[in-house]
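Taking it in order: structure first as structure tokens, then the write-up.
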Amino acid sequence: DETVNIAIMAPTGGAILGTPNTAVLTITDNDPAPTVAFSLTSSSGPEATTPAAMTVFLSAISNLTATIDYTVTNFSVS
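Numbering of the sequence shown is given in my numbering, commencing with residue 39 and proceeding in unit increments.
Listed below in structure tokens is the structure:
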């Protein structure tokens, strides 16, 4: 959530500062969390090609830090 403190100060034109002259505005963070996904479910190429690459997409820009853990399984060299 984001919070903004607001204050009315030094009115002009004969206006008198009343009370309350401060307020707090809270903006509720209701944006969905971004998602991460592979661009393809599989990839292939000749064995002489290095490195192998799999692209991962982030669904939306976010001010949050996104960390992705990954594992490589069923890897064998013949």
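Yeah, the Cβ is synthetic: ideal placement off N, Cα and C, and Gly gets one too.
Would you report the Cα separation of threonine 60 and threonine 103, rounded to the nearest angstrom?
Here residue 60 refers to the residue found at position 22 of the sequence shown. Here residue 103 refers to the residue found at position 65 of the sequence shown. Taking the straight line from one Cα to the other gives about 34 Å.
Just the C-alpha distance for threonine 41 and valine 62, rounded to the nearest angstrom, thanks.
Here residue 41 is taken as the residue at index 3 of the sequence shown, counted from 1. Here residue 62 is taken as the residue at index 24 of the sequence shown, counted from 1. Cα to Cα, the separation comes out at about 7 Å.
Between threonine 79 and proline 70, what straight-line distance do the alpha-carbon atoms span, to the nearest angstrom?
By one-based count along the sequence shown, residue 79 stands at place 41. By one-based count along the sequence shown, residue 70 stands at place 32. Near 24 Å, if we compare the C-alpha coordinates of proline 70 and threonine 79.
Spatial neighbours of alanine 86 within its chain, please: CB distance less than 7 Å, with the 5 preceding and 5 following residues excluded, ordered by chain position.
On the sequence shown, residue 86 is found 48 positions in, with the first residue counted as 1. Counting only Cβ-Cβ distances below 7 Å, and skipping sequence neighbours, we find nothing.
DSSP state of isoleucine 106, grouped into three classes?
One-based indexing of the sequence shown puts residue 106 at position 68. Coil, per DSSP.
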